[in-house]
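Trainee:
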Amino acid sequence: MSDRSHIRFKSAVPQFTVPDIVRTAEYYRDILGFEIAGYWNGQKAGFDTDPPPVFGIVERDDVQLFFNRANQSDVRTGRARGGYDAYFHVTGIDAFADEVRRRGAEIIDGPDDRVYGQREIVIRDCNGLILAFAQDLSPQPSR
Numbered sequence: 185m186s187d188r189s190h191i192r193f194k195s196a197v198p199q200f201t202v203p204d205i206v207r208t209a210e211y212y213r214d215i216l217g218f219e220i221a222g223y224w225n226g227q228k229a230g231f232d233t234d235p236p237p238v239f240g241i242v243e244r245d246d247v248q249l250f251f252n253r254a255n256q257s258d259v260r261t262g263r264a265r266g267g268y269d270a271y272f273h274v275t276g277i278d279a280f281a282d283e284v285r286r287r288g289a290e291i292i293d294g295p296d297d298r299v300y301g302q303r304e305i306v307i308r309d310c311n312g313l314i315l316a317f318a319q320d321l322s323p324q325p326s327r
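In terms of my numbering, the sequence shown opens at residue 185 and continues consecutively.
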């Protein structure tokens with residue numbers, strides 16, 4: 185058995201398949217406060233000149249999200265009923281809830297405290313993806 189003590193996962197980047205990269209990235213910028221890091225137009229993917237982007241990235245603080253384009257009929261979610269497409273750990277959850285509410289987010293739940301020690305807000309994005317943003321309610325050690 186190998187020594188795994190040096191292995192540490194640092195982050196994960198959700199990748200969502202959406203029908204319109206620009207519309208989606210602008211939603212995440214304008215409503216959820218992300219910045220658009222870039223678009224890729226897919227010319228190497230065999231498209232004619234000036235195709236719509238086939239890939240995009242948004243970021244906020246240490247979180248990035250990737251979007252790849254597909255026809256609406258190809259867009260699926262792996263979410264079970266009552267589940268989330270992505271779960272984000274944040275701080276300042278109530279301020280975030282106020283921020284996105286002012287910007288017109290479709291808040292479908294919260295912010296509420298959960299029995300598992302998280303304060304969550306649940307949002308439906310412009311593509312119908314269900315996103316949970318949560319703050320840990322457990323006492324943090326003082327430094």
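Ideal Cβ positions, reconstructed from N, Cα and C, are used throughout, including at glycine.
1. Would you kindly report the start and end of the unbroken beta strand (DSSP E) that includes ALA281?
2. How about PHE317 and PHE250: are their beta carbons less than 7 Å apart?
3. How far does the alpha helix (DSSP H) with ASP214 in it reach, from first residue to last?
4. Between GLY266, ASP269 and ARG303, which has its C-alpha nearest ALA281's C-alpha?
5. Can you find the residues in the same chain that come closer than 7 Å, C-beta to C-beta, to GLU243, ignoring five residues on each side of it along the sequence?
6. On the premise that LEU315 lies in contact with ASP269, defined as a C-beta separation below 8 Å, what is that separation, rounded to the nearest angstrom?
Mentor: The relevant details are as follows:
1. Not the beta strand (DSSP E): ALA281 falls in the alpha helix (DSSP H), residues 277-286.
2. no
3. 205-214
4. ARG303
5. PHE218, GLU219 and ALA221
6. 6 Å
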